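In what follows, a structure is listed as structure tokens, so that the remarks can point back to it.
Residue numbers (the working numbering): 2 to 387.
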């Protein structure tokens, strides 16, 4: 060979390979890296000896696929459906996908107007169970809407359950969302989400590795998840059972050095068991979008400090709080007894008691001091541990 293929031939060769090589097949990625697209295409078309790393049976299957591949027809079908092919090294290619090494997509079919590279720069995945609970759907939609309002692109898989709730939450907030499919982007799947996926294509992006018209398989769903993980700064898992495919996304994110994030659920829920296992394994627990942004955002994007409501007794000086806590709940007590329980002097206790009386916390009955009716709850709260 005197030289590599030109840009047009390179693109056509990659389109050909998306029809022949399964997504995420590292042998195909290694061939492209070691031999170049042109040589791999030539060997597959010529039907010669097998390229290294595959069995004779597997090579025969690849040759059969190669014989049926028509990249020009695939490009024409894509153009008719408003779909473009984005190849590695092009101006729209998200460089973070290169972290997948030989499992990097050979190219991506993209439906929608925005730039995939630009949108991926500030994106976060929100994924989870298909058979989610009302709690899970609510959390996914709320998280996605709040992330979208903060300018983040919400990426998910277009599936039922958490994925759909995340996409709808982002769209409902007028934000940006990307659906990464395990089939041709011109054939929305699942069929029940046709309207949703078409809406995403109109307002955002629909992305996939498979050429026009290709169908999903169980393995393609699993392999699709590595793209979601690599494309984004972090993956938030809202609900997932132990065998959920969304855990594949989270573990891929961990391997790639991305943030792995989990939203906790009831300890009794099997649909939260996988998330809780992730959290035990080092994922970060979050409860809202502000906490997600604190993790994956720029320096200084901090979530607000979390604390309970400020109660009137919280405004008391420490000495006055100790004296208030030393009063019995249902009877009066002498100043000497209150001073002993508050670990202070009798004179200090009396001074604090008069201060508390002025504030409406205590009242005096002869030599005894007693909590007022409205202070009983406050005093009980002050005594409770933690």
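A virtual CB, placed ideally from N, CA and C, is assigned to each residue, including glycine. These numbers come from a predicted model, not from an experiment.
Item: Buried versus exposed, by CB contacts within 10 Å (16 or more), residue 13; Value: buried
Item: Residue 366 burial status per 10 Å Cβ neighbour count (16 or more: buried); Value: exposed
Item: Residue 317 versus 361, 294, 275, residue with shortest Cα-Cα distance; Value: 361
Item: DSSP state of residue 285 mapped onto helix, strand, coil; Value: strand
Item: Nearest-angstrom Cβ-Cβ length linking residue 132 and residue 162, presumed shorter than 8 angstroms; Value: 6 angstroms
Item: Beta carbon of residue 108 nearer than 9 angstroms to that of residue 210; Value: yes
Item: Residue 238 vs residue 263 beta-carbon contact at 9 angstroms; Value: yes
Item: Nearest neighbour of residue 149, chosen from 170, 351, 129 [CA to CA]; Value: 170
Item: CB of residue 241 within 9 angstroms of CB of residue 287, strictly; Value: no
Item: Inter-residue spacing [alpha-carbon to alpha-carbon] between residue 1 and residue 223; Value: The chain is shown from 2 up to 387; residue 1 falls before or after that span and cannot be answered.
Item: Residue 139 in three-state terms, based on DSSP; Value: helix
Item: Separation of residue 243 from residue 252, as counted between CA atoms; Value: 13 angstroms
Item: Backbone CA spacing between residue 102 and residue 225 [nearest angstrom]; Value: 15 angstroms
Item: Nearest-angstrom Cβ-Cβ length linking residue 230 and residue 113, presumed shorter than 8 angstroms; Value: Contact doesn't hold; Cβ gap of about 21 angstroms is too wide.
Item: Neighbourhood of residue 389 by C-beta, 7 angstroms cutoff - its chain only, sequence neighbours within 5 removed; Value: Here the chain has residues from 2 to 387 only, and residue 389 is not among them.
Item: Assigned secondary structure, residue 233 (DSSP; H/G/I helix, E/B strand, else coil); Value: coil
Item: 8 angstroms Cβ shell around residue 118 - same chain, five flanking residues per side excluded; Value: 92, 93, 94, 95, 96
Item: Close beta carbons around residue 70, own chain, < 7 angstroms, minus the five adjacent residues each side; Value: 17, 20, 21
Item: Chain-order list of residues whose beta-carbon lies under 6 angstroms from that of residue 186 (same chain, five-residue window excluded); Value: 84, 110, 112, 207, 209
Item: Rounded Cβ spacing between residue 260 and residue 234 (contact assumed at less than 8 angstroms); Value: 6 angstroms
Item: Top-ranked residue by Cα proximity to residue 76, from 44, 213, 100; Value: 213
Item: DSSP state of residue 216 mapped onto helix, strand, coil; Value: coil
Item: With 16 other Cβ atoms within 10 Å as the buried cut-off, status of residue 50; Value: exposed
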